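Per our numbering, the very first residue in the sequence shown carries number 218; after that it's consecutive.
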Amino acid sequence: MAKYRRERINDEVTRVLGDAIRTVKDPRVAGEMITITQSRVTGDLKYAKIFFSVLGDNSPEKIKEIKKGLISAQGVLRHALAEEINLRITPELFFEYDDSMAKGAHIEDLLKEALSKHNPDNLESDDAEDLNE
Numbered sequence: 218m219a220k221y222r223r224e225r226i227n228d229e230v231t232r233v234l235g236d237a238i239r240t241v242k243d244p245r246v247a248g249e250m251i252t253i254t255q256s257r258v259t260g261d262l263k264y265a266k267i268f269f270s271v272l273g274d275n276s277p278e279k280i281k282e283i284k285k286g287l288i289s290a291q292g293v294l295r296h297a298l299a300e301e302i303n304l305r306i307t308p309e310l311f312f313e314y315d316d317s318m319a320k321g322a323h324i325e326d327l328l329k330e331a332l333s334k335h336n337p338d339n340l341e342s343d344d345a346e347d348l349n350e
C-alpha cells in the first residue's frame, strides 16, 4: 500500500475517533476532555494505535482509568469507525497516552530557567512573552 494512502487513512481515523469519543457514555471517558492526537494504522489495516491526550489532571492513576474506559468503549468506537470509513477490515484499536504536550511544556520551563540564570538582567517581560509563543 502506498505511504500516502496510509497517511490519509491515519488522518481520517484520527478525525472520526475524535468525533466519536464524545458519544461514549462511560463515566471514565465522558467527564474528561480527551483529544485524539494521532493514529497509526498498520500496513495491513488490521490494527491501529490511537494516541490520546487529556486536558487537566494528568496523574498516572487518572490516565490509567481513562485508558480502561477507552478500552471498554472500543466496540462503540470501532462501530463508529466502520460506519464512517469504508474499509474491508475495521482495525482493532489500541490506546496509548500521548505525553508530548507535557514534555514540551517541561522543556519550555527548562529553557526559561536556563535563560534567566544565564542573563537575569537581560530577560525582560517582552522576551519572556516571546518564549511563550
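Glycine included, each C-beta is placed from N, C-alpha and C at the ideal position. Computed from a prediction, not measured in an experiment: that's the story for all the values here.
What number of angstroms, rounded off, separates the C-alpha of Lys263 from the C-alpha of Thr307?
Rounded to whole angstroms, Lys263 to Thr307 spans 7 angstroms at the Cα level.
Please report the straight-line C-alpha distance between His335 and Asp326, rounded to a whole angstrom.
So the two alpha carbons sit approximately 14 angstroms from each other.
Does the distance from the CB of Val233 to the CB of Ile302 come in under 8 angstroms?
In this structure, Ile302 lies closer than 8 angstroms to Val233 by Cβ.
Please go through the same chain and pick out, in chain order, the residues whose beta-carbon is closer than 7 angstroms to the beta-carbon of Ile283, but skip the five residues on each side of it.
These residues qualify, in order along the chain: Arg245, Val246, Glu249, Ile251 and Val271.
Where do the N-terminal and C-terminal ends of the beta strand (DSSP E) with Ser333 fall, by residue?
Taken as a continuous stretch (DSSP letters only), Ser333 belongs to no beta strand (DSSP E), being part of the alpha helix (DSSP H) at Ser317 to His335.
State the start and end residues of the unbroken alpha helix (DSSP H) segment that holds Ser276.
Note, Ser276: premise wrong, no alpha helix (DSSP H); not H, not E.
Please state the DSSP three-state secondary structure of Arg232.
Helix, per DSSP.
So is Thr259 buried or exposed if we call it buried at 16+ other beta carbons inside 10 Å?
Thr259 should be labelled exposed.
Under three-state DSSP, which class holds Lys220?
It is helical.
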